[in-house]
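Student: Before I ask anything, let me first share the structure, which is written out below as structure tokens.
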Amino acid sequence: ITFDGESVTVPYSLNGINIHSMRQNIFISIPDIQASIIAFGDSFRIRLSQKYFLNNTQGQCGSCVDDSSGECARRNGEILPPDCCHITANDWKVFDPKKPYCQSTPTNLPCTTNSPPPVPPTCHPGATLCELLLGKAFEDCRKQNQEDFELFYNSCLFDHCHTNSTKFDCSSLQASAIACTDGGICVDWRNFTNGQCNYTCPDGFIYKPCEHQDNVRCEKNMLIGGQELYPLSEGCFCPQGMMLSENMTTCVNTCCTDSSGDPKDEGETWPDPTDECVINTCLNSQVVASENVCCQGGRFWKNNHCSKSCRKQFGHCEILLISKNITMENSSCSAEVLMTRCEGNCPGWSEFDTVTNTMINECGCCQPTAIENKTVILDCENGDNMPYNYTDIKSCNCIGNTCYNQYFF
């Protein structure tokens, strides 16, 4: 997709704006202002928080106000009746050189006061897919939003009769289903279309009509948690227990690969090609590096045997992965998370200072030099999830501190 004029690969995040896609759908969320945008087919849906947008937001979709009588406003502030929003929308056009055809639509058109609502189209070229909005698939949602569904149905018929195409029928049904998920009702409607609105997934993926979390994915031999989807979203997802490959084209059982890119199974171990004393293990779908047990005590692993020669012990400080179980106190929410730690041996020295008559100790410590705040999603026994914030170490190094003590000679 294009972001600020530049082509970017999703999932993508910058300055608090998160973007991800699922086949033909694009999802944009801005958590700091509680806003989300969904683009699907030939339609889009914008969801805004009253906390930030009530009584201060206007545009082609109308005005965000408490009183519906003020929804249809022109750019100059003139308020028109509630059934004139299709007229006022033209006054909010933004010039786009890539869409010159949009400029041909006239602005500042009059709207007859108290005009009746548009009547449903009269054409009925056979049974349209729009009839599904009145059927069993949408029954639960329709009971909750009867008035909205009359608008959905009339709009669907209007588009069908002016295009004579089921393509727009599918878009209308999809828009209605998304409106239902906004209200917490999942509608699995595509099975009722006799194959006319199928959502086809690549081999290895499965279709889900209402999912709350995006695919867990692999990145640089690490497992990256899936982004929370709000509202609930349909799409192609990896089966339970599998994750999205690093190139995001297939579902895999593990993120583990060796230095040559060859996949490794869960629990499999292999030597590091650059350090014979390091053993790699595929743990929880991620590569964890650890020192061979034999290498402790000054010996190291070489040519499949334990050498008595001493390797360089000091000045070696590195970042290692460790697996930790996180369980929130007084809750049933938990997750197994791979975290990082600094580990190694750093040089140090001691000498007597004749000026202060004390011992001076230079103590080298393997410490973090760069950190990053991260968030993981904990799964709860009741089916909910909970965010957990922690600090992740990005790099380590030997850092020295001069220490004085009162040990006199």
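Under full-length UniProt numbering, the first residue of the sequence shown is numbered 1, with each subsequent residue one higher.
Built from N, CA and C at the ideal position, the CB exists for glycine as well.
Since we're looking at a predicted model, the values are computed, not measured.
From GLY383, THR358, GLU228, pick the residue whose C-alpha is nearest to that of SER350; which is it?
Tutor: Position 350 of the sequence shown holds residue 350. SER350 has its Cα closest to that of THR358, out of GLY383, THR358, GLU228.
Student: Which of helix, strand or coil does DSSP assign to CYS256?
Tutor: In the sequence shown, residue 256 corresponds to position 256, counting from 1. Coil.
Student: Take every Cβ of the segment 28-43, pair it with every Cβ of the segment 241-259, and state whether three or more of those distances are shorter than 8 Å.
Tutor: With the cut-off at 8 Å, the segment 28-43 and the segment 241-259 do not touch.
Student: PRO368 bridges to which residues according to DSSP?
Tutor: Here residue 368 is taken as the residue at index 368 of the sequence shown, counted from 1. According to DSSP, which records beta bridges pairwise, PRO368 is partnered with CYS396.
Student: Would HIS20 and ASP214 qualify as a contact pair, given that the criterion is a beta-carbon distance under 8 Å?
Tutor: Within the sequence shown, numbered from 1, the residue matching residue 20 stands at position 20. Within the sequence shown, numbered from 1, the residue matching residue 214 stands at position 214. Yes, the pair counts as a contact, with Cβ atoms nearer than the cut-off.
Student: So who's on the other strand from ASN373, going by DSSP bridges?
Tutor: Taking the sequence shown and counting its residues from 1, one reaches residue 373 at position 373. Beta bridge pairing from DSSP links ASN373 with THR391.
Student: What residue range is occupied by the uninterrupted beta strand (DSSP E) comprising TYR12?
Tutor: Translated into positions along the sequence shown, residue 12 becomes position 12. Looking at the DSSP string, the run of the beta strand (DSSP E) that includes TYR12 is 12-14.
Student: In the DSSP assignment, find the unbroken beta strand (DSSP E) run with ARG47 in it and report its ends.
Tutor: Mapped onto the sequence shown, residue 47 falls at position 47. Counting along the chain, the beta strand (DSSP E) containing ARG47 begins and ends at 43-47.
Student: Tell me, please, whether the segment 342-356 touches the segment 375-391 by the rule of three or more beta-carbon pairs shorter than 8 Å.
Tutor: no
Student: Using the Cα positions of ILE319 and ASN345, report the straight-line distance between them to the nearest angstrom.
Tutor: Taking the first residue of the sequence shown as 1, we reach residue 319 at position 319. Taking the first residue of the sequence shown as 1, we reach residue 345 at position 345. So the alpha carbons of these two residues sit roughly 12 Å apart.
Student: Buried or exposed, going by whether 16 or more other CB atoms sit within 10 Å of the CB of VAL287?
Tutor: The count along the sequence shown starts at 1 and reaches residue 287 at position 287. Per the 10 Å Cβ criterion, buried.
Student: Along the chain, which unbroken stretches of the beta strand (DSSP E) at least 3 residues long are found entirely within the segment 56-97?
Tutor: Annotation note: the segment 56-97 contains no uninterrupted beta strand (DSSP E) run of length 3 or greater.
Student: Quick test of your reading: PRO209 and GLU228, contact by CB under 8 Å. State the CB separation rounded to the nearest angstrom.
Tutor: Residue 209 sits at position 209 when you count from the first residue of the sequence shown. Residue 228 sits at position 228 when you count from the first residue of the sequence shown. 17 Å between Cβ atoms; not a contact.
Student: Can the beta-carbon of ASP169 be found closer than 8 Å to that of CYS130?
Tutor: Within the sequence shown, the letter at position 169 stands for residue 169. Within the sequence shown, the letter at position 130 stands for residue 130. Cβ atoms of ASP169 and CYS130: closer than 8 Å.
Student: When we look at the beta-carbon of VAL8 and count the other beta-carbons within 10 Å, is it buried (16 or more) or exposed?
Tutor: Here residue 8 refers to the residue found at position 8 of the sequence shown. The residue in question, VAL8, is exposed, as its Cβ has fewer than 16 Cβ neighbours within 10 Å.
Student: GLU329 lies in the beta strand (DSSP E); which residues open and close that run?
Tutor: As a first step, residue 329 is located in the sequence shown; it is residue number 329 there, counting from the start. Per DSSP, GLU329 lies in no beta strand (DSSP E) segment and is marked neither H nor E.
Student: Report the three-state DSSP secondary structure of ILE37 (helix, strand or coil).
Tutor: Here residue 37 refers to the residue found at position 37 of the sequence shown. In the structure shown, ILE37 sits in a strand (DSSP, three-state: E or B).
Student: Span of the alpha helix (DSSP H) holding residue 413?
Tutor: Nothing can be reported for residue 413, as the shown portion of the chain is limited to 1 through 409.
Student: Drop a sphere of 10 angstroms on the beta-carbon of ALA127, count the other beta-carbons inside from all chains shown, and report buried for 16 or more, exposed for fewer.
Tutor: Stepping through the sequence shown from its first residue, residue 127 is reached at position 127. Around the Cβ of ALA127, a 10 Å sphere holds fewer than 16 other Cβ atoms; the residue is exposed.
Student: Name the residue from LEU321, CYS333, ASP148, SER332 whose alpha carbon lies nearest to the alpha carbon of ASP392.
Tutor: As a position in the sequence shown, residue 392 is number 392, starting the count at 1. Measuring from the Cα of ASP392, the nearest candidate turns out to be LEU321.
Student: Straight-line CA distance for LEU14 to THR327?
Tutor: Residue numbering aside, residue 14 sits at position 14 when the sequence shown is read from its first letter. Residue numbering aside, residue 327 sits at position 327 when the sequence shown is read from its first letter. If I take the Cα positions, the gap works out to 30 Å.
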